[in-house]
Structure formats: structure tokens, C-alpha cells
Amino acid sequence: MDREANPISSLSRASKKSPYMLLLVLLFVVMVFGLYICFVSFKQISVSLKPKEISILGTAGPPCDTHEFQLEEIPYVHFPHPKSYSREECKCTPVRLFTILSMQRSGSGWFETLLNSHPNISSNGEIFSVKQRRSNFSTISRTLDVVYRLEWVSSAAKNDCVAAVGFKWMLNQAVMDYHRQIANYFNWKGVSVIFVLRRNLLRRLVSVLANAYDRDAKQINGIHKSHVHTREEADLLARYKPTLNVSALIPDLISAERMMRDSLEYFKTTRHMIFYYEDLIKNPKVKHNATFTLAHLLYHKHTYVFISNIFVHSYYQKLKSFLEYQSQNLRAARLRFTSNPFLNRSIIGRKFIGG
């Protein structure tokens, strides 16, 4: 009986050990499989600490070397491949992308002329003044792609060896409507934002009224000119005496100030810079420093940009004449400002009351 019972007891002991063996084998298989998955994953997502070479989309040639750039610069360095023409020997010339965000009559035209005076910087003007191009964000993004692919046709286009390309965009041209999508696009594409604003919004309003009048009157040889280039043209336009709508003056200025502040808030996550028109035209040292700061923003180092002094002088003199000598109801407007408690505390009020 004992001998017959022994096989049964031995089988029971083996059956008790077998679950532990199965667990050990299963644990070993899981560990090996886990190590294999980790090895494959790290191999796929490993990032080199050295600058990489950027290849040009759609070309079979060698990639463009970016080792001369620092790591933080690479997101803002582009090598566009236009579909309609070949950049040939300039295909590996790095291009920086920018957008000038501004408001009408805030000096953006003067600033854009300053940029376009450089042979390798191309600013293509106010491209979203056409409503169809800003009807929705899909249309906006397609238009931006054409500009930054160096395929936008304009008088300012320098498509061959351009080093920086952009355009001028007014805040009331759908910028505020699609600000989230636009800011994301700028961050994704590596677009630098340049704000060109005015501190004195009343002077801007007077300039808007004068420009609207000349659009119909065409005072310079029957031609409407938004920007003058000679002192004679400035004196001619300064003969017009705009009348301010005092009842709507404060709401208009508050609305403009709110738009300006909101735009700075909406695009604060982008790589940006702020210029004020008054600082640029009144102080040559500020203007000189601004050109170098702008060059640093676009990483186009040791770049000089030039502009005619008569253009700056005449442009400023025209606006100064409008306000200080030509406004018919300037006293009534000033009285409206001094009697408003909000504007006495605001940037607009201090700038206007102080002249």
C-alpha cells in the first residue's frame, strides 16, 4: 500500500511546483518582450544633440547644411522650394519668415519701405486687404503658404536669394477673428511677428480722416497717395482741415486702444517685437538701434537698412500740421478729453492731453 501511495504523493508534489515554474517562465517572457519593446522605441525616438541637416521638400539633391546655426535658431530657418520656379544656386540660402501686424495709419507703410530698401528682404504689402483672401482660416492659411513658399507675385518680391520674406497685415483684416489659429500657424511655421503701432491714437485718427478725404479728392495731380515722399506733397495734403466727430471720439479711441492691447495679448506666445512709430521718427538713435534689433529678430546679422530722411520728415510734418494747426475743432476735442475720467487715466488721454 505504501509503495502504491508513493506515486500519488509524488504527483501531488509535482503539481504544486508546476504553477511556480509556469509563473517564472511567464515572467521571464514578459521581461524579454518588455526589453525588446523599449529598445525598439528608444531607437525610433532618439534625438541627436547635434544640429541636423534640413532637406528641401520635393528635391532629390543633397540636404542644406544647418550646422552654422544654433539650436534655438533652427525652427526659424527655412529653405523654401517654390513649385513655379527653381531657386537654383540660392536653394540653400536660409529664409526667415515675418509678418508686420499693425493698424491703418500707424507707420507700417513707412516701416515696410524701410525693410524693402534692403536687397535681400522682401515685404509684400497689405495682401489681406482683399476680402476673399480672409474669408475663413483655410483661405488665410493657403495664402500664407504661398507667401512663405516665395511664390507671391508683387513689386517687392525678391524671389531668388531673398533672406527674409513677409507682408503687412492690418489688425482689422481678420487677424482678431482668427487669432488663435493664426498664432498657432506662426508658432508652427516659425514666423516672427513685428508689431508697428502708434502711441498717440488721436494722431492716427486724424490721419485716417485725412486719408479718407484724399481718397476722393485726389489732391496731388488727381492721384490719391496714402504716403507722401516729398515735403511739397506733404504741404499740399496738410491744407485739408479735418473735423473730428467729438461725440464719437472717445468710443473710437477706446476701441482702437482695446484692439491694440488685445493683439499684444493674443500673440504674446509668438516670437515678436514691438515698434512704436513715434519713437522711430523722432529719435534717430532709436531708429538706428531698431534696425539692428530687427536684424537680430530675423537672424540677418550685420544688416543695414536705409530710407530717405525727407520721407520721414515730410510724413511727420504732415501729421503734425493736421493736429496742431489744421484741425478745426481741436479745442472741443481737447475739452472732451479733459472731462472724461477714464481717458485721464489711460495711455490715450495722457498722450493727447500732453500734446
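Residues 96 to 450 in the working numbering are what the sequence shown spells out, letter by letter. All residues carry an ideal CB built from backbone N, CA and C; glycine is no exception. Keep in mind the model is a prediction, meaning the values are calculated, not measured.
Neighbour-count burial assignment, residue i, 16 or more Cβ in a 10 Å radius
i	result
P214	exposed
M271	exposed
K145	With a pLDDT of 45 at K145, under the threshold of 50, the predicted position of this residue should be treated as unreliable, though the coordinate-derived value follows. Per the 10 Å Cβ criterion, exposed.
W283	exposed
S181	exposed
L130	exposed
S358	buried
L292	buried
L117	exposed
Beta carbon of residue i nearer than 8 Å to that of residue j
i	j	result
V225	Y243	no
G220	L375	no
F475	V190	The requested residue 475 is not part of the displayed model; the chain covers only 96 to 450.
S233	F262	no
I216	T238	no
R298	M198	no
F362	V241	no
E373	R294	yes
T340	R200	Before going further, note that residue 340 is Asn rather than Thr in the sequence given. No, Cβ-Cβ distance for N340 and R200 is not below 8 Å.
Straight-line Cα distance separating residue j from residue i
i	j	result
Q314	V303	16 Å
A278	A343	32 Å
K147	C187	Bear in mind that a pLDDT of 44 at K147, under 50, signals an unreliable position, so the model cannot answer this.
S141	F134	Its pLDDT being 47, under 50, S141 is placed unreliably in this model, and the value from its coordinates should be taken loosely. Approximately 11 Å between the Cα atoms of the pair.
P346	R356	15 Å
Q227	I235	9 Å
W247	I132	48 Å
R353	E360	11 Å
P114	F128	21 Å
V286	T365	8 Å
V125	P170	41 Å
E183	C159	13 Å
E327	E207	22 Å
S350	V301	15 Å
H176	L121	54 Å
Y273	F123	55 Å
Q276	K377	36 Å
L166	V172	10 Å
N231	Y280	14 Å
T161	L119	52 Å
Y411	Y371	Reliability of the predicted coordinates at Y411 is poor, the pLDDT of 43 falling under 50, and the value obtained from them is presented with this limitation in mind. Those two C-alpha atoms are separated by around 13 Å.
Residues of its chain near residue i, where Cβ-Cβ distance is below 6 Å and the 5 sequence neighbours each way are ignored
i	result
H322	G204
F290	L196, I369
H367	V288
S179	E246
R229	F223, I235, Q268, A269
Beta-carbon proximity list for residue i, same chain, < 8 Å, skipping 5 on both sides
i	result
Y308	Y335, P337
beta-carbon residue i near the ligand ZN non-hydrogen atom, thresh 7 Å
i	result
N211	What this structure holds is no ligand at all, so the ligand ZN is not there to describe.
Contact set for residue i: own chain, Cβ-Cβ below 7 Å, skip 5 residues either direction
i	result
H319	D309, R310, K313
F193	A259, G261, V286, S287, I289, L393
Would you call the segment 266-280 in contact with the segment 306-324, where contact means no fewer than 3 C-beta pairs closer than 8 Å? no
With a threshold of 8 Å, are at least 3 pairs of Cβ atoms found where one atom belongs to the segment 245-258 and the other to the segment 320-340? no
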